[in-house]
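Heads up, the thing below is written out as structure tokens.
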Amino acid sequence: MKLVSRWLRIPFWQRVVLGFVLGALAGWLFGKDAETWFGPLGDLYVNLIKMIAVPLVFFAVINAVSSLHGQKSIAALGGRTFLWFAITAVLAVGVGLLTGWIVKPGAGVNIATLQVASDYVPKTPPGVFDVLFNIVPSNPFTALAGAATSKTADGMSVLVPRNGTVLQVIFFAGLVGFAFVKLGDKTANLRKLCGEASETMIQVTRFVLEFTPLGTFGLIASLVGGYGFEQLRPLGSFVIALYAACAFHIVVVYSGLLLAHGLNPVKFFRGAAPGMQVGFVASSSFAAMPVSLRSVVHNHGVDRDYAAFAVPLGATIKMDGCGAIYPALAAVFIAQYAGIDLTLDKYLIIALASVLGSFGTAGVPGTAVIMATVVLSAAGLPLEAIGYLYAIDRVLDMMRTMTNVTGQMLVPVLVAKETGLLDREVYEAASSNVGIAEGEAAEITQNHA
């Protein structure tokens, strides 16, 4: 058990990086066989996250709503959270448009070298009322069982919520929490039970997160071994532009917002590293949500009850990468290679459609493709061009999702700082561990010695 103890003492983010590097090496060495040999490790990890995500959100939101009542106005906290969601989305759209204008990824692209992905199916954006009405579950138990796995273009399994699942769970759990507040002492025991259930799920999450390095190894090995990187060559400039735009948004824009709030960006990114890593590897905000929630509370010092509301909500509708940067950049790219001049009014339409559409497709799987469809339709650009980008969507989605997840952790930190719900001592300590702590590791070793 000494080996286990030593492994657990290694900082979490370093273990994940090691899994990433070894996975990439294994994928390169084994080629297509890596999918068969190591893919199940990634699938198992995705299933573990699927197992804990919904019950974690359900009990955490119930506990949060019943606890926040009377301390802070839930409506005020929700309003601030949505405001920052919108502000950062506007900034992300601006970054996407500016990157497209400077890099010009579509200029000089030979259309003859582009191929539409064989499994690409045009998406139909849901109506505004469909999204709004879908927030209310017709059967709450169906919503609680609503996580599902989906296959990417290269056959890789990723975790997605069924339409509106997380919002439905938040809505139902919020009603239950308000009912506890209304009934007062009549539900004291039930409220205590839900609080204990929330604590239990947090502990289960910590156990599951210890599997992240192995899951990372399996997911990356399967990706590197099974993905045909020759597909990237015709669209290499777009891949570079997207990664550059997302990196700029994370490093420059987010750091600027943190500095404006008197917070050290380095300490934020150190604490956010586990969630960012999982988002990049798993390509799913939903899969990264338990890690993000743990990071925001344990590493950044955000009030647990507020974080339990803000992080799951952000994982559903806060999509700076998929819903803002990507569709804006894709629209500019497609206009450039198709030889279509974008006038100022077209740029404004793209920006407006990107910002509003990112909220309008809340909870819908395949958000990036749907968002691109919305933006291209609004700007009058050829929709069939999305099929070209879909052929390399898995590589694009890694960076898009990491940007999403980083923003989903940033906003609760900013709002917590503004409202006095941030523990500065915890934030300044800049921990990067979200798994089992060193003391617990030693206890586990002793119990199994």
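Under our numbering, read the sequence shown as residues 183 to 631, first letter to last. Idealized CB from N, CA, C, for every residue including glycine. This structure is a prediction, so every number in the text was calculated from the model and none was measured.
Cβ-Cβ separation, residue j to residue i (assumed contact under 8 Å), whole Å
i	j	result
ALA235	PHE468	6 Å
VAL460	PRO594	Incorrect: roughly 17 Å between the Cβ atoms, too far for contact.
ILE132	LEU417	The shown model of the chain, from 183 to 631, leaves out residue 132, and the question about it has no answer.
VAL514	GLY260	At roughly 33 Å, the Cβ-Cβ gap does not stay under 8 Å, so VAL514 and GLY260 are not in contact.
VAL318	PHE240	About 16 Å separates the two Cβ atoms, so there is no contact after all.
ARG452	ALA612	5 Å
LEU405	ALA464	In fact, because the Cβ distance is near 11 Å, the residues do not count as touching under 8 Å.
GLY366	VAL247	So it is not a contact: roughly 14 Å between Cβ atoms.
ALA216	ALA403	5 Å
Start and end residues, alpha helix (DSSP H) containing residue i
i	result
GLY496	486 to 499
ARG320	The question names Arg, yet the displayed sequence has Ser at residue 320. Careful: SER320 lies outside any alpha helix (DSSP H) and carries neither H nor E.
SER467	467 to 476
SER380	370 to 391
VAL203	194 to 212
TYR419	A small correction: the amino acid at residue 419 is Ser; Tyr does not occupy that position in the sequence shown. Counting along the chain, the alpha helix (DSSP H) containing SER419 begins and ends at 418 to 430.
LEU445	Unbroken run through LEU445: none, as it is neither H nor E.
THR588	575 to 601
VAL272	256 to 285
MET433	As written in the sequence, residue 433 is Val, which differs from the Met given in the question. Counting along the chain, VAL433 falls outside any alpha helix (DSSP H), and DSSP gives it neither H nor E.
GLU566	Premise fails: GLU566 is in no alpha helix (DSSP H) and is neither H nor E.
ILE516	508 to 519
VAL479	Note, VAL479: premise wrong, no alpha helix (DSSP H); not H, not E.
THR398	394 to 408
ALA611	606 to 611
Pairwise C-alpha distance: residue j and residue i
i	j	result
ASP605	HIS482	8 Å
ILE532	TRP219	44 Å
ARG197	ALA470	16 Å
PHE353	LEU511	33 Å
SER249	LEU603	13 Å
LYS139	ASN321	The first residue shown for the chain is 183 and the last is 631, placing residue 139 beyond what the model contains.
ALA271	ASP502	6 Å
VAL203	PHE430	24 Å
THR549	VAL228	19 Å
ILE507	TRP189	38 Å
PHE212	GLY407	7 Å
LYS599	ILE522	45 Å
ALA554	CYS504	9 Å
PRO343	MET584	Here the model assigns PRO343 a pLDDT of 49, short of 50, so the residue's position is not dependable, and the following value carries that caveat. About 17 Å.
ARG476	VAL434	24 Å
PHE362	LYS368	8 Å
VAL340	ARG388	Any reading at VAL340 must be qualified, since the residue scores a pLDDT of 49, below 50, and its modelled position is unreliable; no value is offered.
GLU392	PHE194	8 Å
ASN586	CYS428	9 Å
GLN518	VAL277	17 Å
ALA492	MET591	9 Å
ALA258	SER187	45 Å
SER614	VAL199	13 Å
ASP579	PHE462	8 Å
ALA455	LEU530	34 Å
MET581	VAL551	15 Å
GLN385	LYS364	29 Å
Any chain C beta carbon closer than 7 Å to residue i
i	result
VAL473	No chain C is present in this structure, which holds just one protein chain.
For the stretch 435 to 442 against the stretch 556 to 569, do three or more pairs of beta-carbon atoms, one drawn from each stretch, fall closer than 8 Å, so that the two count as touching? no
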